[in-house]
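Asker: According to the numbering used here, the residues represented by the sequence shown are 1 to 259, in order.
Just so you know, even glycine gets a beta-carbon here, dropped at the ideal spot from N, CA and C.
Everything numeric in this text was worked out from a predicted model, so none of it was measured.
Could you have a look at this structure, given as structure tokens, before my questions?
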Amino acid sequence: MKRIVLQGMAYDDKSSYQKGPALAPPLIRLAYLNDSSNTCAENGTDISEDIIEDKGDYSIEDHFEIERHTLENLREGLPLLTLGGDHSITYPLLKAIHLVHGPVDILHIDAHSDLYDNFEGDRLSHACPFARIMEEQLADKLVQVGIRTLNTHQRKQADKFGVQIIEMKDWDLSLLPEFKNPLYISLDIDALDPAFAPGVSHLEPGGFSTRQLLSILQSIKSPVIGADLVEFNPLNDLNEQTAMVCGKLFKELVALMIK
Numbered sequence: 001m002k003r004i005v006l007q008g009m010a011y012d013d014k015s016s017y018q019k020g021p022a023l024a025p026p027l028i029r030l031a032y033l034n035d036s037s038n039t040c041a042e043n044g045t046d047i048s049e050d051i052i053e054d055k056g057d058y059s060i061e062d063h064f065e066i067e068r069h070t071l072e073n074l075r076e077g078l079p080l081l082t083l084g085g086d087h088s089i090t091y092p093l094l095k096a097i098h099l100v101h102g103p104v105d106i107l108h109i110d111a112h113s114d115l116y117d118n119f120e121g122d123r124l125s126h127a128c129p130f131a132r133i134m135e136e137q138l139a140d141k142l143v144q145v146g147i148r149t150l151n152t153h154q155r156k157q158a159d160k161f162g163v164q165i166i167e168m169k170d171w172d173l174s175l176l177p178e179f180k181n182p183l184y185i186s187l188d189i190d191a192l193d194p195a196f197a198p199g200v201s202h203l204e205p206g207g208f209s210t211r212q213l214l215s216i217l218q219s220i221k222s223p224v225i226g227a228d229l230v231e232f233n234p235l236n237d238l239n240e241q242t243a244m245v246c247g248k249l250f251k252e253l254v255a256l257m258i259k
């Protein structure tokens, strides 16, 4: 039986606008197991608790504790799913992934490209992880989809690092490239339009529907060795709507990782 390792990073110290994502990991677990649904992904795979080696949630004091915990959990030799937390966690996650797997391809699904060189004076802000990742050559290829907030600085950063961005205004599933290396998926829940996921810190209209996002995940053919699900802010959620979306995405990510 194929299995994955699950870890939660209860961390939002690098959030620039609102705190709250640190509260998300246990609530995503509850949504995945909510009695209103079942534990099956849409391909019929039962995402039972037996296939998940859950390491629990880590209370993070120092940002780079994330890398240390992740390295420990990668020793299992299994795909690793991380629940955030703000998007700053992705940089230390990829540092650990790189040490174990070498350079990977990354599919980044988000309203924001998170390519700032620094944001409000912080180079480790949740607005900067992919600048750090590409500077340190932790990925061979970075593809960003759902993006709808690009400014001049981030466009220059994308050109500098050779990032392929499929902006939301241009979106078509046929534009998604194939990935040759093992794949890491970084999924910011604000990639979804606020109508589908109001429980985020940065409400950015014009995003994916839940079905469009599921279609992206279900189209992936490459082996997925790691993923993160970040930026769910329970303090802004309505009737657990976003939590349940996260629970469904959780199941689809696990199904991909054990495929």
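1. Express the C-alpha separation of Leu80 and Leu256 in angstroms, rounding to a whole number.
2. How far does the alpha helix (DSSP H) with Ile271 in it reach, from first residue to last?
3. Just checking, does the stretch 55-66 make contact with the stretch 231-247 on the three C-beta pairs under 8 Å criterion?
4. With 16 as the cutoff for other CB atoms within 10 Å, does Pro223 come out buried or exposed?
5. Have a look at Ala41 and Lys248 and give me their C-alpha separation to the nearest angstrom.
6. DSSP on Val224, reduced to helix/strand/coil?
7. Decide yes or no for the touch test of the stretch 94-105 against the stretch 140-156: beta carbon pairs closer than 8 Å, at least 3 of them.
8. Using DSSP bridges, identify the partner residues of Gln164.
9. Closer than 7 Å by C-beta to Lys55: which residues in its own chain qualify, once you throw out the five before and the five after it? Chain order, please.
10. Could you work out which residue in Ser88, Gln212, Pro92 is closest to Leu71 when comparing CA atoms only?
11. Mapping DSSP to helix, strand and coil, what is Glu53?
12. Give the straight-line distance between the Cα atoms of Phe119 and Cys128, rounded to the nearest whole angstrom.
13. Which residues does DSSP pair with Val254 in a beta bridge?
14. Please name the residue in Leu115, Asp122, His98 whose C-alpha comes closest to that of Lys14.
15. My assumption, with CB atoms under 8 Å, is that Ala131 sits in contact with Asp117. Please give the rounded CB distance.
16. Using CA atoms only, rank isn't needed, just tell me which of Glu49, Ala22, Tyr11 is closest to Phe295.
17. Taking C-beta to C-beta, are Ser186 and Phe196 nearer than 9 Å?
18. Can you grab the Cα-Cα spacing for the pair Ala191 / Gly146, in whole Å?
19. When DSSP labels each residue in this structure, what does Thr45 get in the three-state scheme?
20. Which stretch, first to last residue, makes up the alpha helix (DSSP H) that contains Tyr11?
21. Would a C-beta distance cut-off of 9 Å place Leu165 and Cys246 closer than the cut-off?
Answerer: Straight from the coordinates:
1. On the sequence shown, position 256 is the one that residue 256 refers to. On the sequence shown, position 80 is the one that residue 80 refers to. Rounded to whole angstroms, Leu256 to Leu80 spans 12 Å at the Cα level.
2. Any question about residue 271 goes unanswered here, given that the chain covers just 1 to 259.
3. Verdict: no, contact absent.
4. In the sequence shown, counting from the first residue as 1, residue 223 sits at position 223. With fewer than 16 other CB atoms across the displayed protein chains lying within 10 angstroms of its CB, Pro223 is exposed.
5. The sequence position of residue 41 within the sequence shown is 41, counting from 1. The sequence position of residue 248 within the sequence shown is 248, counting from 1. Their Cα atoms are separated by approximately 8 Å.
6. Position 224 of the sequence shown holds residue 224. Val224: strand per DSSP, three-state reduction.
7. Because the criterion of three Cβ pairs below 8 Å is met, the stretch 94-105 and the stretch 140-156 touch.
8. Indexing the sequence shown from 1 puts residue 164 at position 164. Beta-bridge pairing links Gln164 to Val143.
9. Position 55 of the sequence shown, counted from the first residue, corresponds to residue 55. Once the five neighbours on either side are set aside, the close Cβ partners of Lys55 are Val5, Leu6, Gln7, Asn73.
10. In the sequence shown, counting from the first residue as 1, residue 71 sits at position 71. Nearest C-alpha to Leu71: Pro92.
11. One-based indexing of the sequence shown puts residue 53 at position 53. In the structure shown, the three-state DSSP call for Glu53 is strand.
12. Translated into positions along the sequence shown, residue 119 becomes position 119. Translated into positions along the sequence shown, residue 128 becomes position 128. Their backbone Cα atoms lie some 7 Å apart in a straight line.
13. Taking the first residue of the sequence shown as 1, we reach residue 254 at position 254. Paired residues: none, contrary to the question.
14. Looking up residue 14 in the sequence shown gives position 14. Of the candidates Leu115, Asp122, His98, the one whose C-alpha sits nearest the C-alpha of Lys14 is Asp122.
15. As a first step, residue 131 must be located in the sequence shown, where it is residue number 131. As a first step, residue 117 must be located in the sequence shown, where it is residue number 117. Right, their Cβ atoms sit about 6 Å apart.
16. Any question about residue 295 goes unanswered here, given that the chain covers just 1 to 259.
17. Taking the sequence shown and counting its residues from 1, the one referred to as residue 186 is at position 186. Taking the sequence shown and counting its residues from 1, the one referred to as residue 196 is at position 196. No, they are not a contact pair.
18. In the sequence shown, residue 191 corresponds to position 191, counting from 1. In the sequence shown, residue 146 corresponds to position 146, counting from 1. In this structure, the straight-line span from the alpha carbon of Ala191 to that of Gly146 is close to 6 Å.
19. As a working note, residue 45 is residue 45 in the sequence shown. Per DSSP, reduced to three states, the secondary structure at Thr45 is coil, with no helix or strand assignment.
20. For the purposes of this step, residue 11 is taken as the residue at position 11 of the sequence shown. That residue, Tyr11, is in no alpha helix (DSSP H); it is neither H nor E in DSSP.
21. Locating residue 165 in the sequence shown gives position 165, where the first residue counts as 1. Locating residue 246 in the sequence shown gives position 246, where the first residue counts as 1. One detail in the question is off: residue 165 reads as Ile in this sequence, not Leu. Note that the C-beta distance between Ile165 and Cys246 is not below 9 Å.
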